[in-house]
Amino acid sequence: MDKVDCRVQLGPLKLKNPVLTMSGTFGFGQEYGKYYDLSALGGIIVKAMTANPRLGNPPPRIAETPGGILNAIGLQNPGVDAAIAEELPPLQDLRRRGTLVIGNVSGYSFDEYCAVTKKLSDSGLVDAIELNISCPNVKGGGMAFGTHPDTVYKVVASVRAVCDVPLIVKLSPNVTDITEIAFSAAKAGADILSLINTLSGMAIDAKRRRPILSNVTGGLSGPAIKPVALKMVYQVAQAMDIPIIGVGGIVSGTDAAEFLLAGATAVGVGTANLMDPLGALKVVQELEQFLKEQKIRSVTELIGGLIV
Amino acid sequence: MDKVDCRVQLGPLKLKNPVLTMSGTFGFGQEYGKYYDLSALGGIIVKAMTANPRLGNPPPRIAETPGGILNAIGLQNPGVDAAIAEELPPLQDLRRRGTLVIGNVSGYSFDEYCAVTKKLSDSGLVDAIELNISCPNVKGGGMAFGTHPDTVYKVVASVRAVCDVPLIVKLSPNVTDITEIAFSAAKAGADILSLINTLSGMAIDAKRRRPILSNVTGGLSGPAIKPVALKMVYQVAQAMDIPIIGVGGIVSGTDAAEFLLAGATAVGVGTANLMDPLGALKVVQELEQFLKEQKIRSVTELIGGLIV
Amino acid sequence: MLREDARKLQLTSVVDNRPLTPDVYHLILKAPKLAAEAKPGQFVMVKVAPGLEPTLRRPFSLHRIDREMGQVEIIYQVVGRGTDILTARRAGEGIEILGPLGNGFCLQEAKLIGLVGGGMGIAPLLAAAEQAVQEGREIVAFLGARTGDYLLAQEEFERLGQVFVVTDDGSVGEKALVSKPLQDYLQTKQLDLILGCGPTPMLKALKSIADTQGTLAQLSLEQRMGCGVGACLGCAFPVKANTPEGYIYKRVCYDGPVFWAHEVLFSLPNEAAKQGGCSGGQS
Amino acid sequence: MLREDARKLQLTSVVDNRPLTPDVYHLILKAPKLAAEAKPGQFVMVKVAPGLEPTLRRPFSLHRIDREMGQVEIIYQVVGRGTDILTARRAGEGIEILGPLGNGFCLQEAKLIGLVGGGMGIAPLLAAAEQAVQEGREIVAFLGARTGDYLLAQEEFERLGQVFVVTDDGSVGEKALVSKPLQDYLQTKQLDLILGCGPTPMLKALKSIADTQGTLAQLSLEQRMGCGVGACLGCAFPVKANTPEGYIYKRVCYDGPVFWAHEVLFSLPNEAAKQGGCSGGQS
Ligand SMILES: Cc1cc2nc3c(=O)[nH]c(=O)nc-3n(C[C@H](O)[C@H](O)[C@H](O)COP(=O)(O)OP(=O)(O)OC[C@H]3O[C@@H](n4cnc5c(N)ncnc54)[C@H](O)[C@@H]3O)c2cc1C
Ligand SMILES: Cc1cc2nc3c(=O)[nH]c(=O)nc-3n(C[C@H](O)[C@H](O)[C@H](O)COP(=O)(O)OP(=O)(O)OC[C@H]3O[C@@H](n4cnc5c(N)ncnc54)[C@H](O)[C@@H]3O)c2cc1C
Ligand SMILES: Cc1cc2nc3c(=O)[nH]c(=O)nc-3n(C[C@H](O)[C@H](O)[C@H](O)COP(=O)(O)O)c2cc1C
Ligand SMILES: Cc1cc2nc3c(=O)[nH]c(=O)nc-3n(C[C@H](O)[C@H](O)[C@H](O)COP(=O)(O)O)c2cc1C
Ligand code: FES
Ligand code: FES
């Protein structure tokens, strides 16, 4: 088979292929753009933006674990205004070439989520906005935004009201029932769900008797979490009808195919970018290769195609 | 340093060392007893028992994942009566030699949990009972026993009433807030908590487009989950004052030390037994070695000793 | 502290590890203790790389057991990550193995033994054939493979007895499934015992031939494994039993890998598949 | 599809990999492209084993850059899993590396350069010393280590200029910290530039000496890394800045690993440590 069709329709978004790079692992694309032409990607989701610049956590921010890594970057970012002024404009050429640019929004209050979203949406510089509601540090509260259905509903609904581009809501896996959260997000107006964000975890240096991360705990990502991510994608895809970006431990084309089979329409590559600067590109190429080998003409044939 | 003291007091239980083998990975001890003298262990927690014999799930029951494995054994066991008649008596010699024998109880209803517990408790053949309340298949319900504080309270309290030996409650990590569950179990009378059981996960064979496990989903264990387990142990140890058995991905003495530092009083070795028949013995020996190298006289000095 | 079975954990050294076809390798290990005690039909769990990855050891049957040289041989097909890593091990390197495991074939009083192997399933039959002939028994081998390239050890079998070969593509021997020459053979002759190893459809056919002809048959089965020593119940295979369900699960690693054909079930009675057990994360 | 920096991903081959002390190894790699473009102070990320484990590459500074031979050298201490795996790589084997990365030392117009190295920190200074001397500059080296065994490359430095050595145990040279001979030296002489690499306490001392003496100094820093290419913000190090907090985090992999001593902060201003950010699983 010579040619395969990799295009997918992810809710309101048209992707040239289903591979996105995930927030926080790809900066604003600049660094990896020196390694390969980013227009090979379906889209890139940029680093989380907040209302004001954020310093982030003290180091160490990264710890390696079996099959994965822990990170506690702490949302270091220049703030949404600086991002709009400096980071997003260089990416506009990519959009013209059919690769989506998606903003990732974090916040410490409903107001911050809305303010950042509105600015990004109004800027015209992004094709969609991904809401990162998995951050447990909430002003005044202490309860995480992303782990209770009611809060999820409220924050997504508030943001939806000020967001004129497609809205992706990124779910935390640190919950008892991911479908409950998914329902809330969908009911509140999410166009697309991305799952999963990192699992909460911790690493200890036994000899020094200290946590490795300055932040004590961090987010677990990479191949180690792939089984958990696959299961949550499958579970949500079975429970409801909303387009899903499947994320968690994808490092190969076969991994990507597994997520599509489980019910995702697109996939996100995170830690693989850290393991290899060509990580996401390889996923694109290997997925295409996989389709050819399996004599599958269109990648859409895989979506939800698991035989149970 | 020549001699180190490895004894710990785990709530009401005296252990010669803090290393237990975990339920489901060690059968009823018989097979591993051919590889080494099990009296080297602090204790063994035997395979889950139910009221009636259970066939278990159709194969395949095991899938390998990066840094871990998925299993869906399906509680295959001969039933509590046969276990009392045939499996537990051969272990009594171990108890005389100071290695604890702990029964693991599963069930599909409150009644079943209580019935099995009572039989085991009355048999006099076990030093303690570990309640496995992480099984999502519940008669009539559908909601898991182990993931909602109220149900946890009810099942633990009912079992407590018929249990004359120390009661360990084993928590599921598939929850939004592990401390909430831990509180419920403690309030209902658990003497000890063991955490964590497996993370819910899934593996797919992309070429065959099929799940690898006949059961579709399974439980993720092994080194991959260690960061998640460490964090939950730390979180519960910070939140409350109950002895903890730390479990998840322990394969070395250093791993064991990390869990003790995080606040566990004992540790459980599961998947490591599958990776190497001497797995648990090595943890015992390496932990002792670690103490010697670090010039720590008593293992109790490690417990909760994390410097944050 | 260590007990007798701990001897099964042994560091062997690679004598040779070379491809027979692009995806089938022949591994020879120096392993005197293993060679001294292993029986045909037993298997070993191979730690394909030191360290934590891959998590589990890989099971392989013994293709040949050479007591004199203190060597054992394995033939393996590269099908995934573990076998791929294994191809990189060079002569002189150490490989940790666990074995011998399982029960092996039981030749009983059989005088004439039929060996029926499909693809990689041919591998363990050679050890059985060699032992049988050494003990003065007669063998006849029925070997099948995708193509001639995958017909393992044909010459070795020919040195030991009569051999029938078939291939899926007809490149060597008749274009047929291996059950064909066996059935033809049984039209005129009798076998005291059949030993079979190969893909499931072949084993099913073999079982039904043995059942109808009333010939005793032992099948070497495969299953995904955890511990390999009988403790985790990971490697379940259904066998007939006097239970309400009509079967129980036995352990391929411990109760097998060799089972009597008449006790094995290749499909479960009725509602069995539904009888799940505790799903989704539990065990 | 590939762009210029993709050349930094290269398969090198091991020329030699041998222990200097039981836990310090000297690795020589055939890497012509890398040798041709690398600058002293730059580093590489080494993939210590093929496959998924360990997850991340390991950063090592270039100890020596040999353009003519097309080789680079690394000296590494075995401190954990990755470096342990690395010790097993034999001559002739391939190792994938990513580099050169980071900015390297900037010798500017300096005529007399002081090189201050502690332990493994001595490693990258040799490359700088060799370049400096080749360019007709003068160097003076201050080398410190736990014991004489860990005094790397002392002879090589002696061929290039004046060398002061100290050890923690007095086994070679004076029993002192390496800041001691530097301070003594600066009592009577002036250095145009100091290049420093070593453990944090040493770098702190160096910074304070440079600050008080008004000598320009560049420090090569270490931090746990993710990507190595500037994208993940994993390798943060605080440097002074005109922000409300008085500092920002720069990336060791991209903005460093070499920083001006006067901009680096070894402890954070006031409430900084409290200003955490999004903790517990997020990023
Ligand atoms: C008793 C026994 C004897 C065997 N003898 C041979 C032999 O002589 N020659 C040979 O080529 N193969 C043999 N196999 C099959 C062999 O074990 C698998 O092909 C091998 O484990 C695949 O490993 P992998 O990492 O390459 O594949 P992957 O698919 O990457 O492995 C993933 C996991 O699945 C398991 N797995 C995958 N396929 C099988 C399988 N067919 N059987 C059991 N486990 C599997 C692996 O062990 C591993 O745990 C035997 C299996 C058993 C149970
Ligand atoms: C720019 C730079 C240059 C370096 N140059 C050298 C050198 O020339 N010689 C040398 O011996 N060492 C050098 N190091 C330190 C070296 O990277 C670590 O010793 C090594 O990564 C430890 O790996 P490990 O797997 O053995 O240890 P583990 O502790 O098992 O590693 C776990 C994780 O922590 C990281 N890590 C642990 N210690 C360090 C550290 N000190 N710095 C950065 N990451 C660390 C590892 O990279 C890995 O991701 C350098 C570090 C940096 C950042
Ligand atoms: C270093 C790092 C930084 C991250 N930063 C963010 C972030 O800013 N916003 C966000 O929504 N997710 C962030 N994530 C989570 C990833 O986008 C992704 O959801 C997660 O890592 C799981 O995918 P993976 O296993 O492919 O890495 C970060 C992950 C890593 C490893
Ligand atoms: C094959 C297998 C079977 C298991 N069976 C049980 C069981 O019957 N009851 C139970 O409470 N936990 C069971 N578990 C969970 C383990 O006891 C343990 O909690 C879990 O595997 C995490 O520890 P580990 O990473 O060290 O394996 C099983 C785990 C495995 C791998
Ligand atoms: S593999 Fe564990 S019982 Fe067979
Ligand atoms: S390691 Fe990723 S930015 Fe430096």
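Protein chains in written order, with our numbering: chain X, 631 to 938; chain S, 631 to 938; chain V, 445 to 727; chain U, 445 to 727.
Just so it is clear, CB atoms sit at the ideal spot from N, CA and C, and this is done for glycine as well.
The structure displayed is predicted, hence computed values, not measured ones.
**OP:** Give the straight-line distance between the Cα atoms of Y698 (chain V) and G546 (chain V), rounded to the nearest whole angstrom.
**Re:** Numbered from 1 along the third sequence, position 254 holds the residue referred to as residue 698 (chain V). Numbered from 1 along the third sequence, position 102 holds the residue referred to as residue 546 (chain V). Cα to Cα, the separation comes out at about 5 Å.
Original post:
Which first and last residues belong to the alpha helix (DSSP H) in which S753 (chain X) is found?
Top reply: Taking the first residue of the first sequence as 1, we reach residue 753 (chain X) at position 123. Unbroken alpha helix (DSSP H) run through S753 (chain X): 740-753.
Subject >> Residue-chain proximity (D528 (chain U), chain X), Cβ-Cβ < 9 Å >> reply: Numbered from 1 along the fourth sequence, position 84 holds the residue referred to as residue 528 (chain U). With 9 Å as the cut-off, D528 (chain U) does not count as an interface residue toward chain X.
Original post:
In chain V, which residues lie less than 8 Å from Q706 (chain S) when you measure between Cβ atoms?
Top reply: Residue numbering aside, residue 706 (chain S) sits at position 76 when the second sequence is read from its first letter. The contacting residues are L677, A680, Y693, G721.
Original post:
Which residues share a DSSP beta bridge with F681 (chain U)?
Top reply: Position 237 of the fourth sequence, counted from the first residue, corresponds to residue 681 (chain U). BP columns for F681 (chain U) point to U:K694.
**OP:** Answer yes or no: the CB of N701 (chain X) versus the heavy atoms of ligand 3, is any distance below 8 Å?
**Re:** Locating residue 701 (chain X) in the first sequence gives position 71, counting from the first residue. Correct: N701 (chain X) has its Cβ closer than 8 Å to ligand 3.
Original post:
Are the C-beta of I674 (chain X) and some C-beta of chain S separated by less than 9 Å?
Top reply: In the first sequence, the residue the question calls residue 674 (chain X) occupies position 44. For I674 (chain X), the answer is no, since every Cβ of chain S falls outside 9 Å of its Cβ.
Subject >> Contacting residues, own chain, Cβ-Cβ under 7 Å from A950 (chain X) (five flanking each side not counted) >> reply: Chain X is shown only over 631 to 938; residue 950 (chain X) falls outside these bounds and no answer can be derived.
Original post:
Under 8 Å from any heavy atom of ligand 8, does the C-beta of D528 (chain U) make it?
Top reply: Absence of ligand 8 is noted for the structure shown, with ligand 1, ligand 2, ligand 3, ligand 4, ligand 5 and ligand 6 being the only ligands found.
Original post:
Given that a residue counts as buried once 16 or more other Cβ atoms are within 10 Å of its Cβ, and exposed if not, what is L635 (chain V)?
Top reply: Working through the third sequence from its first residue, we reach residue 635 (chain V) at position 191. With 16 or more other Cβ atoms within 10 Å, it is buried.
**OP:** Would you identify the three-state DSSP class for R581 (chain U), choosing helix, strand or coil?
**Re:** Locating residue 581 (chain U) in the fourth sequence gives position 137, counting from the first residue. Three-state DSSP puts R581 (chain U) in coil, outside helix and strand.
Original post:
Checking contacts by CB at 9 Å: is I875 (chain S) closer than that to chain V?
Top reply: Locating residue 875 (chain S) in the second sequence gives position 245, where the first residue counts as 1. No, I875 (chain S) lies away from the interface with chain V (no Cβ there is under 9 Å from its Cβ).
Original post:
If K664 (chain X) and N734 (chain X) are in contact, beta carbons under 8 Å, what's the gap, nearest whole angstrom?
Top reply: Translated into positions along the first sequence, residue 664 (chain X) becomes position 34. Translated into positions along the first sequence, residue 734 (chain X) becomes position 104. With 8 Å as the limit, K664 (chain X) and N734 (chain X) do not qualify as a contact, their Cβ atoms being about 21 Å apart.
**OP:** Indicate the three-state DSSP secondary structure (helix, strand or coil) for P544 (chain V) in the structure shown.
**Re:** As a first step, residue 544 (chain V) is located in the third sequence; it is residue number 100 there, counting from the start. Strand.
Original post:
Quick one: is G848 (chain S) near chain X, going by C-beta distance under 9 Å?
Top reply: In the second sequence, the residue the question calls residue 848 (chain S) occupies position 218. Chain X, which has a Cβ nearer than 9 Å to the Cβ of G848 (chain S), makes this yes.
Subject >> Below-9 Å beta-carbon distance, P498 (chain U) vs any chain X residue >> reply: Working through the fourth sequence from its first residue, we reach residue 498 (chain U) at position 54. True, the Cβ-Cβ gap to chain X drops below 9 Å.
Original post:
Name the chain S residues that come within less than 8 Å of C671 (chain V), Cβ to Cβ?
Top reply: Sequence index remark: in the third sequence, residue 671 (chain V) carries index 227 (1-based). Listed along chain S are T655, E661, N903, L904, P907, each with a C-beta nearer than 8 Å to that of C671 (chain V).
Subject >> Of the residues S:T930, S:P803, S:P720, S:V789, the one placed nearest K748 (chain S), counting alpha carbons only >> reply: For the purposes of this step, residue 748 (chain S) is identified with residue 118 of the second sequence, where counting begins at 1. The residue with the shortest Cα to Cα distance from K748 (chain S) is S:V789.
**OP:** Since I believe L496 (chain V) is in contact with V881 (chain S) (beta carbons under 8 Å), could you give me their beta-carbon distance rounded to a whole number of angstroms?
**Re:** On the second sequence, position 251 is the one that residue 881 (chain S) refers to. On the third sequence, position 52 is the one that residue 496 (chain V) refers to. The Cβ separation is near 7 Å, so the contact holds.
Original post:
Does ligand 5 have even one heavy atom less than 8 Å from the beta-carbon of Y469 (chain V)?
Top reply: Counted from its first residue, the third sequence places residue 469 (chain V) at position 25. False, no ligand heavy atom lies under 8 Å from that Cβ.
Original post:
How about L455 (chain V): is its C-beta nearer than 9 Å to some C-beta of chain U?
Top reply: As a working mapping, residue 455 (chain V) is identified with position 11 in the third sequence. No, because no Cβ of chain U sits closer than 9 Å to the Cβ of L455 (chain V).
Original post:
What are the boundary residues of the alpha helix (DSSP H) that includes G862 (chain X)?
Top reply: The residue you call residue 862 (chain X) lines up with position 232 of the first sequence. Note that residue 862 (chain X) is Met in the sequence shown here, rather than Gly. Unbroken alpha helix (DSSP H) run through M862 (chain X): 856-869.
Original post:
For P568 (chain U) versus P484 (chain U), is the C-beta distance shorter than 9 Å?
Top reply: On the fourth sequence, residue 568 (chain U) is found 124 positions in, with the first residue counted as 1. On the fourth sequence, residue 484 (chain U) is found 40 positions in, with the first residue counted as 1. Going by C-beta atoms, P568 (chain U) is nearer than 9 Å to P484 (chain U).
Original post:
Less than 8 Å between the CB of R637 (chain X) and some heavy atom of ligand 6, yes or no?
Top reply: Taking the first sequence and counting its residues from 1, one reaches residue 637 (chain X) at position 7. False, no ligand heavy atom lies under 8 Å from that Cβ.
Subject >> Length of the line joining the Cα atoms of G878 (chain X) and V899 (chain X) >> reply: Position 248 of the first sequence, counting from 1, holds the residue named residue 878 (chain X). Position 269 of the first sequence, counting from 1, holds the residue named residue 899 (chain X). For G878 (chain X) and V899 (chain X), the distance between alpha carbons rounds to 7 Å.
Subject >> contact_flag[the stretch 612-628 of chain U, the stretch 578-587 of chain U] where n(CB pairs < 8 Å) is 3 or more >> reply: Contact holds: three or more Cβ-Cβ distances are below 8 Å.
**OP:** Give the secondary structure of G724 (chain U) by DSSP, where H, G and I count as helix, E and B as strand, and everything else as coil.
**Re:** Counted from its first residue, the fourth sequence places residue 724 (chain U) at position 280. Bear in mind that the predicted position of G724 (chain U) carries a pLDDT of just 36, short of 50, making it unreliable; the figure below should be weighed with that in mind. Reduced to three states, the DSSP call for G724 (chain U) is coil.
Original post:
Any beta-carbon of chain V closer than 9 Å to the one on V881 (chain S)?
Top reply: Within the second sequence, numbered from 1, the residue matching residue 881 (chain S) stands at position 251. With a threshold of 9 Å between beta carbons, V881 (chain S) makes contact with chain V.
Original post:
For Q915 (chain S), which of helix, strand or coil comes out of DSSP?
Top reply: For the purposes of this step, residue 915 (chain S) is taken as residue 285 along the second sequence, with counting starting at 1. Residue state, collapsed to three classes: helix.
Subject >> Inter-residue Cα distance where the pair is V458 (chain V) and L705 (chain S) >> reply: Within the third sequence, residue 458 (chain V) is the residue found at index 14, counting from 1. Within the second sequence, residue 705 (chain S) is the residue found at index 75, counting from 1. So the two alpha carbons sit approximately 39 Å from each other.
Original post:
Any heavy atom of ligand 6 closer than 8 Å to the Cβ of I692 (chain X)?
Top reply: Locating residue 692 (chain X) in the first sequence gives position 62, where the first residue counts as 1. Set against 8 Å, the gap from the CB of I692 (chain X) to the closest heavy atom of ligand 6 is smaller.
**OP:** Using 8 Å as the cut-off, classify the Cβ of G878 (chain X) as near or not near the heavy atoms of ligand 5, replying yes or no.
**Re:** As a first step, residue 878 (chain X) is located in the first sequence; it is residue number 248 there, counting from the start. False, no ligand heavy atom lies under 8 Å from that Cβ.
**OP:** Quick one: grab the DSSP three-state call for N804 (chain X).
**Re:** Against the first sequence, residue 804 (chain X) aligns to sequence position 174. It is coil, neither helix nor strand.
Original post:
Would P873 (chain X) pass as a contact of A896 (chain X) if the rule is Cβ separation under 9 Å?
Top reply: Taking the first sequence and counting its residues from 1, the one referred to as residue 873 (chain X) is at position 243. Taking the first sequence and counting its residues from 1, the one referred to as residue 896 (chain X) is at position 266. Yes, they are a contact pair.
**OP:** Give a single yes or no on whether E888 (chain X) has its beta carbon closer than 8 Å to a heavy atom of ligand 3.
**Re:** Numbered from its first residue, the first sequence carries residue 888 (chain X) at position 258. Outside the cutoff, so no.
**OP:** In angstroms with no decimal places, state the Cα-to-Cα distance between K769 (chain S) and A818 (chain S).
**Re:** The residue given as residue 769 (chain S) occupies position 139 in the second sequence. The residue given as residue 818 (chain S) occupies position 188 in the second sequence. The pLDDT assigned to K769 (chain S) is 38, lower than 50, so where the model puts this residue is not dependable; a value taken from the coordinates is nonetheless given after this. Each residue's CA atom was taken as its position, placing K769 (chain S) and A818 (chain S) some 22 Å apart.
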